[in-house]
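Student: Under this note's numbering, the letters of the sequence shown match residues 9 to 136, in that order.
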Amino acid sequence: MPQSPISISEAESRVMEALWDEAPLTSEQIVAAVQSNSDWHEKTVRTLLNRLLGKGAVEATRDGRRYLYAPLLTRTQWQSQESHSLLDRVFGGRVAPLLAHFNQHEKLSAKDIAELRKLIDAIERKER
Numbered sequence: 009m010p011q012s013p014i015s016i017s018e019a020e021s022r023v024m025e026a027l028w029d030e031a032p033l034t035s036e037q038i039v040a041a042v043q044s045n046s047d048w049h050e051k052t053v054r055t056l057l058n059r060l061l062g063k064g065a066v067e068a069t070r071d072g073r074r075y076l077y078a079p080l081l082t083r084t085q086w087q088s089q090e091s092h093s094l095l096d097r098v099f100g101g102r103v104a105p106l107l108a109h110f111n112q113h114e115k116l117s118a119k120d121i122a123e124l125r126k127l128i129d130a131i132e133r134k135e136r
């Protein structure tokens with residue numbers, strides 16, 4: 009588990025998605041997975057993979073004449089880092105203004121509102 013936040017770019021997150029979906033993978037499998045959703049060149053995917061290795065988000069384990077890659081940063085850790093970063097940068101660390109923004113500009117669906125009510129109820133029960 010990484011000790012300090014690891015900054016992952018949007019492009020790097022696509023490589024991570026392939027590893028979060030299924031790991032370990034060879035570099036060839038990662039390239040194929042990423043290329044199935046993009047028109048990126050193989051060299052681009054390999055460069056992103058090497059950046060992630062350098063950042064400590066991914067590990068490489070030798071398997072005969074090849075390497076198997078696996079994520080060290082979990083999807084949950086990344087989501088937590090990204091959501092906190094967004095809240096801090098855009099909404100002063102507060103959730104209510106974020107929800108107000110979506111309500112004003114994005115139209116929350118009835119399903120979204122029901123899910124939010126359930127979440128708020130669960131939070132209130134937990135705090136009691």
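The C-beta atom is built at its ideal place from N, Cα and C for all residues, glycine as well.
1. So L80 and A19 are in contact, right, with Cβ under 8 Å, and what is the actual spacing, rounded?
2. Relative to the alpha-carbon of I14, which residue among P32, H109 and L60 has its alpha-carbon at the smallest distance?
3. What residue from S12, G64, A68 and I16 has the CA that sits closest to A31's CA?
4. For I128, count the other beta carbons within 10 Å of its own beta carbon; 16 or more makes it buried, fewer makes it exposed. Which is it?
5. Where M24 and Y77 are concerned, what is the direct C-alpha to C-alpha distance, given to the nearest angstrom?
6. Quick check for students: name the residue ranges of the alpha helix (DSSP H) that lie wholly in the segment 44–105, counting only runs of 4 or more.
7. Compare the beta carbon distance of L27 and I16 with 8 Å and say whether it is the shorter of the two.
8. L27 lies in the alpha helix (DSSP H); which residues open and close that run?
9. From P10 to T84, what does the alpha carbon distance come to, in whole angstroms?
10. Can you tell which of V98, E36, K126 and N45 has the C-alpha that lies nearest to the C-alpha of K51?
11. Please confirm whether L95 and L106 have their CB atoms less than 8 Å apart.
Tutor: The relevant details are as follows:
1. Counting from 1 along the sequence shown, the entry for residue 80 is found at position 72. Counting from 1 along the sequence shown, the entry for residue 19 is found at position 11. 18 Å between Cβ atoms; not a contact.
2. Within the sequence shown, numbered from 1, the residue matching residue 14 stands at position 6. In terms of Cα proximity to I14, the closest of P32, H109 and L60 is L60.
3. Numbered from its first residue, the sequence shown carries residue 31 at position 23. Selected option, being the one with the closest Cα: A68.
4. The residue labelled residue 128 in the question sits at position 120 within the sequence shown. Taking all protein chains in view, the Cβ of I128 is surrounded by fewer than 16 other Cβ atoms within 10 Å, so the residue is classified as exposed.
5. Residue 24 sits at position 16 when you count from the first residue of the sequence shown. Residue 77 sits at position 69 when you count from the first residue of the sequence shown. Pairing M24 with Y77, the inter-Cα distance amounts to about 10 Å.
6. Residue ranges of uninterrupted alpha helix (DSSP H) with 4 or more members, entirely inside the segment 44–105 and ordered along the chain, are 50–63 and 83–99.
7. For the purposes of this step, residue 27 is taken as the residue at position 19 of the sequence shown. For the purposes of this step, residue 16 is taken as the residue at position 8 of the sequence shown. No. Outside cutoff.
8. As a working note, residue 27 is residue 19 in the sequence shown. Per DSSP, L27 belongs to the alpha helix (DSSP H) from E18 to D29.
9. Position 2 of the sequence shown holds residue 10. Position 76 of the sequence shown holds residue 84. Reliability fails at P10, whose pLDDT of 44 lies under 50, so the model's placement of it is uncertain and the value that follows must be treated cautiously. Going by the C-alpha atoms only, they are around 12 Å apart.
10. As a working mapping, residue 51 is identified with position 43 in the sequence shown. Comparing Cα-Cα distances from K51 to each of V98, E36, K126 and N45, the minimum goes to E36.
11. Indexing the sequence shown from 1 puts residue 95 at position 87. Indexing the sequence shown from 1 puts residue 106 at position 98. Contact flag set, yes.
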